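Just so you know, the sequences run in chain order A and B. Heads up: the first sequence begins at 1 in my numbering, then just goes up one per residue. Heads up: the second sequence begins at 469 in my numbering, then just goes up one per residue. Built from N, CA and C at the ideal position, the CB exists for glycine as well. All values derive from a computational prediction rather than experimental measurement.
Number of protein chains: 2
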Amino acid sequence: MATSLLSRQLVLSLQQNLRLTAPGCRYVSKAAAKTQVEFEYDGPSMKTEVPGPRSKELTKQLGEIQNVGAINFFCNYEESRGNYLVDVDGNRMLDYTHLLYSYWLSAFVNRPALGIMPPENFPEKLAESLLSVAPSGMSRVQTMACGSCSNENAYKAMFIWYRNKERGHNNPSDEDMSSCMINQSPGCPDFSILSFMGGFHGRTMGCLATTHSKAIHKLDVPSFDWPIAPFPKLKYPLEEFTRENAQEEARCLEEVEDLIVQWRQKGRPVAGIVIEPIQAEGGDNHATPDFFKKLRNIARKHGSAFHVDEVQTGGGATGKFWAHEHWGMDDPADIVSFSKKMLTGGYYHKDELQADKAYRIFNTWMGDPENLLEEVTRSGKTLLQGLYQLQDQYPNLLSSARGQGTFCAIDIRDDATRNSILLKARDKGVLLGGCGDRSIRFRPALVFKEYHVHMFLNVFSDVLAEHN
Amino acid sequence: MATSLLSRQLVLSLQQNLRLTAPGCRYVSKAAAKTQVEFEYDGPSMKTEVPGPRSKELTKQLGEIQNVGAINFFCNYEESRGNYLVDVDGNRMLDYTHLLYSYWLSAFVNRPALGIMPPENFPEKLAESLLSVAPSGMSRVQTMACGSCSNENAYKAMFIWYRNKERGHNNPSDEDMSSCMINQSPGCPDFSILSFMGGFHGRTMGCLATTHSKAIHKLDVPSFDWPIAPFPKLKYPLEEFTRENAQEEARCLEEVEDLIVQWRQKGRPVAGIVIEPIQAEGGDNHATPDFFKKLRNIARKHGSAFHVDEVQTGGGATGKFWAHEHWGMDDPADIVSFSKKMLTGGYYHKDELQADKAYRIFNTWMGDPENLLEEVTRSGKTLLQGLYQLQDQYPNLLSSARGQGTFCAIDIRDDATRNSILLKARDKGVLLGGCGDRSIRFRPALVFKEYHVHMFLNVFSDVLAEHN
Numbered sequence: 001m002a003t004s005l006l007s008r009q010l011v012l013s014l015q016q017n018l019r020l021t022a023p024g025c026r027y028v029s030k031a032a033a034k035t036q037v038e039f040e041y042d043g044p045s046m047k048t049e050v051p052g053p054r055s056k057e058l059t060k061q062l063g064e065i066q067n068v069g070a071i072n073f074f075c076n077y078e079e080s081r082g083n084y085l086v087d088v089d090g091n092r093m094l095d096y097t098h099l100l101y102s103y104w105l106s107a108f109v110n111r112p113a114l115g116i117m118p119p120e121n122f123p124e125k126l127a128e129s130l131l132s133v134a135p136s137g138m139s140r141v142q143t144m145a146c147g148s149c150s151n152e153n154a155y156k157a158m159f160i161w162y163r164n165k166e167r168g169h170n171n172p173s174d175e176d177m178s179s180c181m182i183n184q185s186p187g188c189p190d191f192s193i194l195s196f197m198g199g200f201h202g203r204t205m206g207c208l209a210t211t212h213s214k215a216i217h218k219l220d221v222p223s224f225d226w227p228i229a230p231f232p233k234l235k236y237p238l239e240e241f242t243r244e245n246a247q248e249e250a251r252c253l254e255e256v257e258d259l260i261v262q263w264r265q266k267g268r269p270v271a272g273i274v275i276e277p278i279q280a281e282g283g284d285n286h287a288t289p290d291f292f293k294k295l296r297n298i299a300r301k302h303g304s305a306f307h308v309d310e311v312q313t314g315g316g317a318t319g320k321f322w323a324h325e326h327w328g329m330d331d332p333a334d335i336v337s338f339s340k341k342m343l344t345g346g347y348y349h350k351d352e353l354q355a356d357k358a359y360r361i362f363n364t365w366m367g368d369p370e371n372l373l374e375e376v377t378r379s380g381k382t383l384l385q386g387l388y389q390l391q392d393q394y395p396n397l398l399s400s401a402r403g404q405g406t407f408c409a410i411d412i413r414d415d416a417t418r419n420s421i422l423l424k425a426r427d428k429g430v431l432l433g434g435c436g437d438r439s440i441r442f443r444p445a446l447v448f449k450e451y452h453v454h455m456f457l458n459v460f461s462d463v464l465a466e467h468n
Numbered sequence: 469m470a471t472s473l474l475s476r477q478l479v480l481s482l483q484q485n486l487r488l489t490a491p492g493c494r495y496v497s498k499a500a501a502k503t504q505v506e507f508e509y510d511g512p513s514m515k516t517e518v519p520g521p522r523s524k525e526l527t528k529q530l531g532e533i534q535n536v537g538a539i540n541f542f543c544n545y546e547e548s549r550g551n552y553l554v555d556v557d558g559n560r561m562l563d564y565t566h567l568l569y570s571y572w573l574s575a576f577v578n579r580p581a582l583g584i585m586p587p588e589n590f591p592e593k594l595a596e597s598l599l600s601v602a603p604s605g606m607s608r609v610q611t612m613a614c615g616s617c618s619n620e621n622a623y624k625a626m627f628i629w630y631r632n633k634e635r636g637h638n639n640p641s642d643e644d645m646s647s648c649m650i651n652q653s654p655g656c657p658d659f660s661i662l663s664f665m666g667g668f669h670g671r672t673m674g675c676l677a678t679t680h681s682k683a684i685h686k687l688d689v690p691s692f693d694w695p696i697a698p699f700p701k702l703k704y705p706l707e708e709f710t711r712e713n714a715q716e717e718a719r720c721l722e723e724v725e726d727l728i729v730q731w732r733q734k735g736r737p738v739a740g741i742v743i744e745p746i747q748a749e750g751g752d753n754h755a756t757p758d759f760f761k762k763l764r765n766i767a768r769k770h771g772s773a774f775h776v777d778e779v780q781t782g783g784g785a786t787g788k789f790w791a792h793e794h795w796g797m798d799d800p801a802d803i804v805s806f807s808k809k810m811l812t813g814g815y816y817h818k819d820e821l822q823a824d825k826a827y828r829i830f831n832t833w834m835g836d837p838e839n840l841l842e843e844v845t846r847s848g849k850t851l852l853q854g855l856y857q858l859q860d861q862y863p864n865l866l867s868s869a870r871g872q873g874t875f876c877a878i879d880i881r882d883d884a885t886r887n888s889i890l891l892k893a894r895d896k897g898v899l900l901g902g903c904g905d906r907s908i909r910f911r912p913a914l915v916f917k918e919y920h921v922h923m924f925l926n927v928f929s930d931v932l933a934e935h936n
């Protein structure tokens, strides 16, 4: 009994892993394309304040066991569907944070076991799913259990690659082998990863040395002496400030080159550069394709690996499957890491020894992705237009509306007002999240349609009127 | 459709998370205690060499996508049950490595989502399951996604604790807040974790700085200048070499104190000490309860946190739920980390501010654990006795048989012979694993009974005869 349940569940879990791998894509999987959409509610419905009495009671109970500082409310996942999250007090909210997907899609198979004794259909499924969306120029993928592990292991891959390049061969010396056991060079070399102020790449100690979004992540944890470059602080909308923005990007790129030279002179050469296509946790900070192209060339020029962290941006929300596709490059990166929306985590990487396979069979990944990405582009445009209008209407409240696809954000006058707006919107049944010091970010499901955007804009407009 | 499947699967996954949390404990869950046992096969059955043709074909396919160096063979999980693993070529093997459990029990819910919007029954289930087996003196538990993340976050907890102790309060200065953003002290202090040669605590960069089992894990990855103490090299059986072993342990403890003083003088104080109750990956190296008691006291004396890593040893295999229970201490540790067999990962920790809760309701954890642990103790004794006999019979092949419960190991003459024995045993349908330079380790399921031990000893004896 339990065996068949378990093996059934395993099969389900694998199927989900390999088929339902983008947010909301349960609605576009071949098996359940139509029936799902009918399930969706027709709007928010609020019954109590949030958190309601039941959530408060549960928070109290859980607080006796572990830290509950991050808990907003308790969820009724059985009743939640589509773009709507239902809490344990019966409140139904339009979900703009899209946390739900990570819950739905969270069951995944154990990677260590897969690495040793994978099930029969694993190669085929892996090829069909992950490799069908491999970034340009990459034919290999390494799966990992979580976002931090993906980046940690991507960094390790860059260090090993850099060291072998330095050696000129792949054979470590006896001194390498013995010194590494006691954490000393040459076995554990003094290499560094260059990262950007405002970046977020995870909270384990390697990742943390490249994370610079909030002090609370880093405080009291020992770190590495690695170079940190400024990320461009651009003015939005980008197309109205092209000259100033180009100057700002040039300044940052110059600083990157200076840091690479300085750290090489210090004896801590930059083995890799890591960057997000849009700094998400750091406040939805954008840069232009021109910036990323030039940065990629700087990495190549100095022999550093170029690692694009798509843990937040990958999966379709920007209107392209990978945000870096907006740069329009054939060779955008040496490593691309992913996680979260894509259920599993891991990184893609180049392999010069491997023939380039024609694996970009996009539609095995998630049904009818072209329509889906078109829809993301359309909804995102409507959303951004709406934000621009509101920004014109409330210039003392709003600024710097920005976005790619539905991956949008806007800045609020100050932190306190931002938080008040988040709460008021929630009371009206719209779940929004914050990022950076005073930004609101939008991360709807891929099935977020234009009428959801209008529903949101109406609520948001009401909330803003209360704050003016 | 998919929604109900998904939510069903989620519920299953949660139930498994919280009930079926030790290897083989699917056989003791209330729901399926009896029916399962009947399912078990009556012995190994080999149809082809291993890997067989189907496994080879699949390995070739997967090799085009990712690294297959670690793959032994492909598994038919639907047909595998009890102590038997069935491969895709129809070979049925007695599983002494117990990798199967990690596959069965691998689906787990997304921790980040749980931290923000947990489902209604989470506090209750968490209390019933994880806290029911909390180590002595610990009333709080923090869940994490994997073993490396568990240790990384346990280290961070120790650093934060140590820094607050140093400050005398919990309020970071402005300098702390600004310097940590650029990886510099005082915000990122130069603290260290003392670890032991031969230890294994994971492969992310923080964990890796405390891992010293094999060069291949560490080579080419930058590390921290942290102190590394010798782990006692004892003679087995321990009770026959008490005097020499006590001297060896005293030598190691003295070195620990010297290192703590040296690193404090260097300006890199030891915030925590991390150790496994049995060094598993490093070769199943044991130490006596006296060693651990004294080490715990050294940590207390010098103000360092004491972290016991039970990622490998926790869950019952040693005949106690936690291996550190063999030390017989009321206050064995400040932090105990766990993972793997226990499905989820995380760490327990002390909280002086929290009333000590009487949460040791062991039997909600896994049905009838007392009988199970008695059985582990009985099977383990039979196994170790059998290993002693074989060691007497083949003194030029075998040495240092050792174990707690069924967590046993034995050393083989050399690496090549060890590997040959592993392969021969597999050909006869017994799956064994290696650890250290030339050890074989035994990690059967908790439901491994005495007749399984005899079955194994017969096969092992045949294999040894071929190598004599």
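Excluding sequence positions up to five away, which residues of its chain have a Cβ less than 8 Å from the Cβ of residue i?
{"i": "A:V256", "result": "L194, A229, I273, L295 and I298"}
{"i": "A:G328", "result": "P289"}
Applying the 10 Å Cβ sphere with the 16-neighbour rule, what's the burial state of residue i?
{"i": "B:A739", "result": "buried"}
{"i": "B:E918", "result": "exposed"}
{"i": "B:C648", "result": "buried"}
{"i": "B:E934", "result": "exposed"}
{"i": "A:I260", "result": "buried"}
{"i": "B:A677", "result": "buried"}
{"i": "A:E310", "result": "buried"}
{"i": "B:E722", "result": "exposed"}
{"i": "B:I684", "result": "exposed"}
{"i": "B:F690", "result": "Note that residue 690 of chain B corresponds to Pro in the displayed sequence, not to Phe. The residue in question, B:P690, is buried, as its Cβ has 16 or more Cβ neighbours within 10 Å."}
{"i": "A:P53", "result": "exposed"}
{"i": "B:K633", "result": "exposed"}
In terms of residues, what are the limits of the alpha helix (DSSP H) holding residue i?
{"i": "A:L423", "result": "D415 to D427"}
{"i": "B:C617", "result": "G615 to R635"}
{"i": "B:V729", "result": "T710 to Q733"}
Closer than 6 Å by C-beta to residue i: which residues in its own chain qualify, once you throw out the five before and the five after it? Chain order, please.
{"i": "A:P51", "result": "F73"}
{"i": "A:W263", "result": "S192, P227 and V270"}
{"i": "A:H302", "result": "I260"}
What is the DSSP secondary structure of residue i, counted as helix, strand or coil?
{"i": "B:N936", "result": "coil"}
{"i": "B:R671", "result": "coil"}
{"i": "A:L431", "result": "strand"}
{"i": "A:G386", "result": "helix"}
{"i": "B:F924", "result": "helix"}
{"i": "B:L702", "result": "coil"}
{"i": "A:Q142", "result": "strand"}
Among the residues of its own chain, which have a CB less than 7 Å from the CB of residue i, if the five just before and after it don't count?
{"i": "A:S148", "result": "G202, R203, T204 and C207"}
{"i": "A:A409", "result": "D284, R402, G403, C435, S439, I440, R441 and F442"}
{"i": "B:R894", "result": "V518 and M561"}
{"i": "A:S55", "result": "F73, F74, D87, V88 and D89"}
{"i": "B:W629", "result": "A773"}
For the beta strand (DSSP E) that contains residue i, what are its first and last residues?
{"i": "A:Y84", "result": "Y84 to V86"}
{"i": "B:D557", "result": "Here B:D557 belongs to no beta strand (DSSP E), and DSSP marks it neither H nor E."}
{"i": "A:S337", "result": "I335 to F338"}
{"i": "A:H307", "result": "A305 to D309"}
| message | Does the structure place the segment 249-267 of chain A close enough to the segment 309-326 of chain A that three or more beta carbon pairs sit under 8 Å? | response | no
| said: Check whether the segment 789-806 of chain B and the segment 851-866 of chain B touch, using three or more Cβ-Cβ pairs below 8 Å as the test. | reply: no
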